[in-house]
Amino acid sequence: MNNDVKKLVTEKANELLSAASCCAEAKAAAQDWLDALGTDKESEATRKLIAELEMDIMPVDGLIAFAGSEAGAQVFGAEMAKQVEAHGQALKAAGAKYCDCPACAAAEAILARKAELL
3 MNNDVKKLVT
13 EKANELLSAA
23 SCCAEAKAAA
33 QDWLDALGTD
43 KESEATRKLI
53 AELEMDIMPV
63 DGLIAFAGSE
73 AGAQVFGAEM
83 AKQVEAHGQA
93 LKAAGAKYCD
103 CPACAAAEAI
113 LARKAELL
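So for the sequence shown, this note's numbering puts the first residue at 3; every next one is plus one.
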């Protein structure tokens with residue numbers, strides 16, 4: 003992995019750590035990756051980070067479906083769920099593949115460099 007990719011992924015891993023929308027498992031994988039940089043555990047931590055982010059990143063259709071569901075209304079509140087659903091529809095109309103919350107945006111940026119990471 004070249005230094006530009008390492009710098010970008012380090013920045014995005016730190017964004018994952020500070021994102022309120024990031025799940026505990028992705029935060030742990032990001033921290034483990036940061037801790038493994040420059041060690042013999044870096045390759046394994048990289049594979050684990052990628053696997054975790056691939057599981058966690060929210061496709062825009064999933065965002066729309068969740069926000070429009072009863073569970074979405076319980077998580078976001080009824081009014082906010084409607085706004086999130088509308089936002090998801092706008093993202094989809096604009097051609098977005100994934101949710102654009104801070105965690106998903108950081109995950110997407112990392113996954114876009116997957117080939118260079120592995």
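Ideal Cβ positions, reconstructed from N, Cα and C, are used throughout, including at glycine.
Nearest-angstrom Cα separation, counted from residue j out to residue i
{"i": "C103", "j": "S45", "result": "27 Å"}
{"i": "L10", "j": "Q85", "result": "31 Å"}
{"i": "A107", "j": "I66", "result": "16 Å"}
{"i": "N5", "j": "T48", "result": "15 Å"}
{"i": "A105", "j": "G74", "result": "18 Å"}
{"i": "L51", "j": "E81", "result": "34 Å"}
{"i": "K99", "j": "E110", "result": "9 Å"}
{"i": "A31", "j": "A83", "result": "29 Å"}
{"i": "V7", "j": "N16", "result": "14 Å"}
Residue environment, residue i, which counts as buried when at least 16 other CB atoms sit within 10 Å
{"i": "E87", "result": "buried"}
{"i": "V77", "result": "exposed"}
{"i": "E54", "result": "buried"}
{"i": "A22", "result": "exposed"}
{"i": "A114", "result": "exposed"}
{"i": "M60", "result": "buried"}
{"i": "L119", "result": "buried"}
{"i": "K116", "result": "exposed"}
{"i": "A28", "result": "buried"}
N- and C-terminal bounds of the alpha helix (DSSP H) containing residue i
{"i": "I66", "result": "V62 to A69"}
{"i": "T48", "result": "E44 to D58"}
{"i": "S20", "result": "N5 to S20"}
{"i": "A114", "result": "Note, A114: premise wrong, no alpha helix (DSSP H); not H, not E."}
{"i": "K94", "result": "A80 to A95"}
{"i": "D34", "result": "A26 to A38"}
is_contact[residue i, chain B] using C-beta, thresh 7 Å
{"i": "N4", "result": "Given the protein chain composition of this structure (a single chain), no chain B is represented."}
Would you call the stretch 31-48 and the stretch 60-72 touching, i.e. three or more CB-CB distances under 8 Å? Contact annotation: the stretch 31-48 does not touch the stretch 60-72, with fewer than three C-beta pairs closer than 8 Å.
The stretch 32-40 touching the stretch 90-106, judged by at least three CB pairs closer than 8 Å: no
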